[in-house]
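Colleague: Residue numbering for the sequence shown follows the working numbering, starting at 4 and increasing by one per position.
Glycine included, every Cβ here is placed at the ideal spot set by N, Cα and C.
Please find one structure pasted underneath; my questions will follow.
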Amino acid sequence: MKTDHAPSSVRALTVHAPRAPLSGSIHVPGDKSISHRALMFAALARGTTHITGLLEGEDVLRTADAMRALGADIIRDGVGEWTVKGCGLDGLREPDDVLDMGNSGTAARLLSGILASHGFTSVMTGDASLRGRPMKRVMDPLAATGAVFLSRQGGRLPLAIQGNGDPAPLSYRLPVASAQVKSAVLLAGLNAAGETRVEEPVATRDHTENMLRHFGATVRVEPMGAGGRVITLQGRPELVAQDIVVPGDPSSAAFVLVAGLLVPGSKVVVQGVGLNPLRTGLFTSLREMGADLAISNERVEGGEPVGDITVTAGALHGVDVPATRAPSMIDEYPVLAVAAAHATGQSRFRGLEELRVKESDRLAATVALLEANGVKVDVVGDDMIVHGTGGAIPGGGLVRTRMDHRLAMSAIVMGLAASSPVSVDDTAFIDTSFPGFVALMNSIGAGLAA
Numbered sequence: 004m005k006t007d008h009a010p011s012s013v014r015a016l017t018v019h020a021p022r023a024p025l026s027g028s029i030h031v032p033g034d035k036s037i038s039h040r041a042l043m044f045a046a047l048a049r050g051t052t053h054i055t056g057l058l059e060g061e062d063v064l065r066t067a068d069a070m071r072a073l074g075a076d077i078i079r080d081g082v083g084e085w086t087v088k089g090c091g092l093d094g095l096r097e098p099d100d101v102l103d104m105g106n107s108g109t110a111a112r113l114l115s116g117i118l119a120s121h122g123f124t125s126v127m128t129g130d131a132s133l134r135g136r137p138m139k140r141v142m143d144p145l146a147a148t149g150a151v152f153l154s155r156q157g158g159r160l161p162l163a164i165q166g167n168g169d170p171a172p173l174s175y176r177l178p179v180a181s182a183q184v185k186s187a188v189l190l191a192g193l194n195a196a197g198e199t200r201v202e203e204p205v206a207t208r209d210h211t212e213n214m215l216r217h218f219g220a221t222v223r224v225e226p227m228g229a230g231g232r233v234i235t236l237q238g239r240p241e242l243v244a245q246d247i248v249v250p251g252d253p254s255s256a257a258f259v260l261v262a263g264l265l266v267p268g269s270k271v272v273v274q275g276v277g278l279n280p281l282r283t284g285l286f287t288s289l290r291e292m293g294a295d296l297a298i299s300n301e302r303v304e305g306g307e308p309v310g311d312i313t314v315t316a317g318a319l320h321g322v323d324v325p326a327t328r329a330p331s332m333i334d335e336y337p338v339l340a341v342a343a344a345h346a347t348g349q350s351r352f353r354g355l356e357e358l359r360v361k362e363s364d365r366l367a368a369t370v371a372l373l374e375a376n377g378v379k380v381d382v383v384g385d386d387m388i389v390h391g392t393g394g395a396i397p398g399g400g401l402v403r404t405r406m407d408h409r410l411a412m413s414a415i416v417m418g419l420a421a422s423s424p425v426s427v428d429d430t431a432f433i434d435t436s437f438p439g440f441v442a443l444m445n446s447i448g449a450g451l452a453a
């Protein structure tokens with residue numbers, strides 16, 4: 004199913020340090036992880052779900068298109084306001100055309116679990132970036148349901164799936180912590196008789212487990228070893244429609260917060276940010292670096308903890324981030340690396356193997372971002388070591404974003420804090436996760452202009 008959501012042209016940007024501190028109080032878009040899952044679970048439930056605060060970025064719109072193609076009735080009522088009339092677990096239909104997932108690896112991998120466990124044939128594809136990213140790590144466990152997968156070499160899209168309408172329940176131990184693989188297995192388990200069991204060596208974001216409970220499924224979570232968990236899902240539940248409020252995305256808030264830390268004299272408030280403890284590793288790491296982050300107005304919305312974060316600019320020092328923290332901040336390493344480049348001393352980020360299979364090889368891309376702007380960085384195995392400049396990032400480089408939205412936003416943040424302007428080759432793909440990013444940054448004084 005082809006759509007017109009993909010960015011249509013390259014948008015280059017040269018970023019200069021602003022003439023005055025950043026200031027203001029803003030909201031960031033809804034959480035992308037929760038938005039994807041809200042649309043999927045609402046489509047799988049019986050009844051009508053109202054979603055408030057849905058992220059309307061390119062990636063999430065692809066998920067909406069895919070769930071429509073599978074039989075759900077999905078309507079946009081207004082900005083961030085959506086209504087989904089679900090078709091039930093047994094009501095999905097074979098799509099008439101190829102499902103085009105654009106740039107969204109999350110949507111493609113989670114949807115694989117749904118498609119593998121229903122008795123029809125489907126085909127997924129994506130843009131050039133997504134077609135280059137591996138799907139084998141979800142194909143391998145899902146094949147044990149009885150589904151058949153046919154992909155390009157290396158397990159890459161386009162991917163044809165012959166689903167199994169009577170799938171076997173899975174018992175799977177994740178070789179590497181991954182919320183996407185865990186979620187794909189659990190989504191397949193929804194249509195399997197009996198219990199589906201997933202062991203994760205390190206706890207990863209638990210939005211899937213939270214939302215399963217929200218819609219009426221029975222999920223048990225038990226500790227395993229040193230920081231791991233065992234998640235057990237009772238198959239074939241009757242999912243019932245439930246309204247959802249999507250909190251602000253902490254991964255999106257990260258760019259605003261780090262910019263506020265690095266631009267001298269700045270003070271910015273980001274309202275309504277999700278504070279799920281399995282998503283807040285960046286906030287912990289920044290505080291360990293000496294960041295002034297104050298959380299207020301804490302509350303619970305839609306089953307997720309939420310609060311307002313005030314950031315005040317100040318000096319930072321190096322930090323050693325353990326590998327066990329990576330799952331709680333896997334998308335934030337590029338912008339944390341920018342903060343580390345601005346800090347005094349050396350920072351080491353451990354256990355970043357997951358970054359190699361994101362929108363780009365995000366580890367290599369982050370190294371290139373730093374080196375192009377005069378920052379010394381080393382990679383030792385899966386660790387990245389950033390040598391801080393003590394508040395004097397040279398800048399002056401060209402950042403090649405490789406169709407990676409988070410790399411583009413990290414480059415913009417670096418430009419705001421660098422001595423010389425930073426050029427970004429393409430910012431068009433920022434819309435996949437943070438529509439209106441440039442306008443929002445300008446509203447607090449960034450002064451960005453194409």
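CB V13 to CB D429, shorter than 8 Å?
Modeller: In the sequence shown, the residue the question calls residue 13 occupies position 10. In the sequence shown, the residue the question calls residue 429 occupies position 426. The answer is yes: Cβ separation under 8 Å.
Colleague: Let's see if you can read the secondary structure: which residues bound the beta strand (DSSP E) around A75?
Modeller: Looking up residue 75 in the sequence shown gives position 72. Here A75 belongs to no beta strand (DSSP E), and DSSP marks it neither H nor E.
Colleague: For a test of the three-state rule: what should DSSP assign to V201, helix, strand or coil?
Modeller: Here residue 201 refers to the residue found at position 198 of the sequence shown. Of the three classes helix, strand and coil, the one that applies to V201 here is strand, per DSSP.
Colleague: So N376 packs on G399, CB below 8 Å; how close in whole Å?
Modeller: Reading the sequence shown from its first residue, position 373 is the one you call residue 376. Reading the sequence shown from its first residue, position 396 is the one you call residue 399. Confirmed, Cβ separation roughly 7 Å.
Colleague: How would you label T6, buried or exposed, when you count the other beta carbons within 10 angstroms and need 16 or more for buried?
Modeller: As a first step, residue 6 must be located in the sequence shown, where it is residue number 3. Reliability fails at T6, whose pLDDT of 42 lies under 50, so the model's placement of it is uncertain and no value is given.
Colleague: In the DSSP assignment, the beta strand (DSSP E) including D386 goes from what residue to what residue?
Modeller: Taking the sequence shown and counting its residues from 1, the one referred to as residue 386 is at position 383. D386 to H390 is the span of the beta strand (DSSP E), which, as asked, contains D386.
Colleague: With DSSP run on the structure shown, which of helix, strand or coil describes F44?
Modeller: What you label residue 44 is simply residue 41 of the sequence shown in a count that begins at 1. The answer is helix: DSSP assigns F44 an H, G or I state.
Colleague: Can the beta-carbon of L153 be found less than 8 Å from the beta-carbon of S115?
Modeller: Residue 153 sits at position 150 when you count from the first residue of the sequence shown. Residue 115 sits at position 112 when you count from the first residue of the sequence shown. Cβ atoms of L153 and S115: not closer than 8 Å.
Colleague: Can you tell me which of the three DSSP states H8 falls into?
Modeller: On the sequence shown, residue 8 is found 5 positions in, with the first residue counted as 1. Legend: pLDDT at H8 = 48, less than 50; position of this residue unreliable, value from coordinates given subsequently. The answer is coil: DSSP assigns H8 none of H, G, I, E or B.
Colleague: DSSP has H53 in a bridge; who is on the other side?
Modeller: Within the sequence shown, the letter at position 50 stands for residue 53. For H53, which the question treats as bridged, DSSP gives the partners T86.
Colleague: Should P226 go down as buried or exposed, given a rule of 16 or more other Cβ atoms within 10 Å for buried?
Modeller: Along the sequence shown, one-based indexing puts residue 226 at 223. It counts as exposed.
Colleague: Which same chain residues end up closer than 7 Å to E59 when comparing Cβ atoms and leaving out the 5 residues on each side of it in sequence?
Modeller: For the purposes of this step, residue 59 is identified with residue 56 of the sequence shown, where counting begins at 1. G83 and P438, listed in sequence order.
Colleague: Which residues in the same chain have their Cβ closer than 6 Å to the Cβ of S350, if we skip the five residues on either side of it in sequence?
Modeller: Within the sequence shown, the letter at position 347 stands for residue 350. G321, V322, A343 and V389.
Colleague: Taking the straight line between their C-alpha atoms, what separation do you get for A69 and S422?
Modeller: In the sequence shown, residue 69 corresponds to position 66, counting from 1. In the sequence shown, residue 422 corresponds to position 419, counting from 1. Approximately 45 Å between the Cα atoms of the pair.
Colleague: DSSP puts A297 in a beta bridge; with which residues?
Modeller: Taking the sequence shown and counting its residues from 1, one reaches residue 297 at position 294. The partner list for A297 (beta bridge, DSSP) reads T313.
Colleague: If I measure Cβ to Cβ from L410 and keep anything under 6 Å in the same chain, skipping five residues before and after, which residues do I get?
Modeller: The count along the sequence shown starts at 1 and reaches residue 410 at position 407. These residues qualify, in order along the chain: P337, A368 and T404.
Colleague: Would you check if the stretch 227 to 235 and the stretch 304 to 320 touch, i.e. whether three or more CB-CB distances between them fall below 8 Å?
Modeller: Verdict: no, contact absent.
Colleague: Just to check my reading of the structure: P339 and L285 have Cβ atoms closer than 8 Å, yes? What is that Cβ distance to the nearest angstrom?
Modeller: As a working note, residue 339 is residue 336 in the sequence shown. As a working note, residue 285 is residue 282 in the sequence shown. Correcting the residue identity first, residue 339 is Leu in this sequence and not Pro. Yes, they are in contact, since the Cβ atoms of L339 and L285 sit about 6 Å apart, within 8 Å.
Colleague: Could you have a look at D68 and say whether DSSP puts it in helix, strand or coil?
Modeller: The residue labelled residue 68 in the question sits at position 65 within the sequence shown. Here D68 sits in helix by DSSP.
Colleague: Quick check on DSSP: helix, strand or coil for A367?
Modeller: Within the sequence shown, the letter at position 364 stands for residue 367. A367: helix per DSSP, three-state reduction.
Colleague: Would L73 pass as a contact of S107 if the rule is Cβ separation under 8 Å?
Modeller: Mapped onto the sequence shown, residue 73 falls at position 70. Mapped onto the sequence shown, residue 107 falls at position 104. The answer is no: Cβ separation not under 8 Å.
Colleague: Taking the alpha carbon of E212 as the point to measure from, which residue in E374, E307 and L373 has its own alpha carbon closest?
Modeller: On the sequence shown, position 209 is the one that residue 212 refers to. Among E374, E307 and L373, the Cα nearest to that of E212 is on E307.
Colleague: Per DSSP, G251 is paired with what?
Modeller: Position 248 of the sequence shown holds residue 251. G33 and V276, per the DSSP bridge assignment.
Colleague: Is the beta carbon of G277 less than 8 Å from the beta carbon of D246?
Modeller: Walking along the sequence shown from the start, residue 277 turns up at place 274. Walking along the sequence shown from the start, residue 246 turns up at place 243. Not closer than 8 Å, so no.
Colleague: Please classify P337: does DSSP put it in a helix, a strand, or coil?
Modeller: To locate residue 337, count along the sequence shown from 1; it is residue 334. P337 falls in the helix class under three-state DSSP.
Colleague: Can the beta-carbon of L2 be found less than 8 Å from the beta-carbon of L264?
Modeller: Since the first residue of the chain shown is 4 and the last is 453, residue 2 is not available in this structure.
Colleague: Can you tell me the Cα-Cα spacing of V184 and R365, whole angstroms?
Modeller: Looking up residue 184 in the sequence shown gives position 181. Looking up residue 365 in the sequence shown gives position 362. In a straight line, the C-alpha of V184 is about 18 Å away from that of R365.
Colleague: Kindly confirm or deny that the stretch 18 to 27 and the stretch 192 to 205 touch, where touching means at least three C-beta pairs closer than 8 Å.
Modeller: Cβ pair count under 8 Å is below three, so no.
Colleague: Suppose you measure from the CA of M406 to the CA of G129; what does that come to, to the nearest Å?
Modeller: As a first step, residue 406 must be located in the sequence shown, where it is residue number 403. As a first step, residue 129 must be located in the sequence shown, where it is residue number 126. The straight-line gap from Cα to Cα measures roughly 13 Å.
Colleague: With a CB to CB cut of under 6 Å and the five nearest residues on each side skipped, what residues in its chain are close to A297?
Modeller: By one-based count along the sequence shown, residue 297 stands at place 294. T313.
Colleague: For the alpha helix (DSSP H) containing M104, name the first residue and the last one.
Modeller: Along the sequence shown, read from residue 1 onward, the residue named residue 104 stands at position 101. No alpha helix (DSSP H) contains M104, which DSSP labels as neither H nor E.
Colleague: How far does the alpha helix (DSSP H) with S446 in it extend, from its first residue to its last?
Modeller: The count along the sequence shown starts at 1 and reaches residue 446 at position 443. Residues F440 to S446.
Colleague: By Cβ distance below 8 Å, which residues in the same chain neighbour R71 in space, the five residues on each side in sequence not counted?
Modeller: Start at 1 with the first residue of the sequence shown, and residue 71 comes out as number 68. Hits under 8 Å: I77.
Colleague: Provide the residue span of the beta strand (DSSP E) that contains D246, from first to last.
Modeller: Position 243 of the sequence shown, counted from the start, is the residue given in the question as residue 246. No beta strand (DSSP E) holds D246; DSSP gives it neither H nor E.
Colleague: Which residues does DSSP pair with G270 in a beta bridge?
Modeller: To locate residue 270, count along the sequence shown from 1; it is residue 267. Residue identity differs from the one stated: residue 270 is Lys in this sequence, not Gly. Bridge partners of K270: S26 and T315.
Colleague: I need the boundaries of the beta strand (DSSP E) containing P161, first residue and last residue.
Modeller: Within the sequence shown, numbered from 1, the residue matching residue 161 stands at position 158. First-last of the beta strand (DSSP E) with P161: R159 to Q165.
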